[in-house]
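With my numbering, you'll find the sequence shown wraps up at 141, consecutive numbering, no jumps.
Idealized CB from N, CA, C, for every residue including glycine.
On a predicted model such as this, the values are computed, not experimentally measured, just so you know.
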Amino acid sequence: TREAALHKFAIRTTQSVAGRSSEAAFMTICGLEWDPHFKGLFGELPQSKPGKMKWTCFLPGAHRHACWFLQWADYLVLHQEFHAPSEDDDEEDYGDDGRTWLIPELHKSKTPGTTLGRWMKAFKSCLSCAATKC
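In structure tokens form, the structure reads like this:
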């Protein structure tokens with residue numbers, strides 16, 4: 008579902024960022040760069056505590072359930088809201104400061120860490136329900 012794609016993508020992104028849960032909310036599409044040598048997508052994001060920037064790398068997963076690229080593709084296909092920014096676009100299409108956020112739903116939240124925690128708890132409860140039905 009649309010909601011499941013969002014939750015999977017947000018959780019996988021946070022895991023790849025390896026930092027505080029709210030840090031993934033401040034990544035932008037335009038801040039991502041493909042590195043042909045490492046065959047990965049690098050992105051810069053702010054750290055909440057020291058107030059400095061850090062780099063993260065998204066690499067293909069060992070299987071489809073652990074692949075960040077497939078999670079992102081699912082998210083983009085089911086949400087169908089993203090389009091690459093161009094000079095002809097209005098700034099209002101991208102947010103208050105003209106940025107295209109990687110996970111806009113997480114960025115719009117006043118407490119992205121709490122929102123992500125709620126999504127993870129909901130996922131865990133779904134797993135528990137599925138296990139008892141077997």
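Helix, strand or coil at residue i according to DSSP, with G and I counted as helix
i	result
M127	helix
L109	coil
E99	Any reading at E99 must be qualified, since the residue scores a pLDDT of 45, below 50, and its modelled position is unreliable; no value is offered.
L66	coil
T35	strand
K61	strand
S23	helix
F16	helix
Q78	helix
T8	coil
R71	helix
Outcome for residue i when other beta-carbon atoms lying within 10 angstroms are tallied against a minimum of 16
i	result
M60	exposed
A129	exposed
T35	buried
E98	Bear in mind that the predicted position of E98 carries a pLDDT of just 49, short of 50, making it unreliable; the figure below should be weighed with that in mind. Looking at its Cβ environment, which holds fewer than 16 other Cβ atoms inside 10 Å, E98 is exposed.
T8	exposed
F45	exposed
G50	buried
T63	buried
Residues of its chain near residue i, where Cβ-Cβ distance is below 6 Å and the 5 sequence neighbours each way are ignored
i	result
G68	C74
A148	Because the chain is modelled from 8 through 141, residue 148 falls outside the range shown and cannot be assessed.
D100	The pLDDT assigned to D100 is 44, lower than 50, so where the model puts this residue is not dependable; a value taken from the coordinates is nonetheless given after this. Cβ neighbours of D100 beyond the five flanking positions: none.
Q54	K61
Beta carbon of residue i nearer than 8 Å to that of residue j
i	j	result
L123	L113	yes
F33	L52	yes
T121	C37	no
G47	L77	no
Identified DSSP bridge partners for residue i
i	result
E40	F49
Beta-carbon contacts of residue i that lie in its chain and below 7 Å, excluding the five residues immediately before and after
i	result
W1	The structure shown has nothing for residue 1, since the chain only spans 8 to 141.
C-beta neighbour in chain B for residue i, strict 8 Å
i	result
W62	Looking for chain B here will not work: only one protein chain is present.
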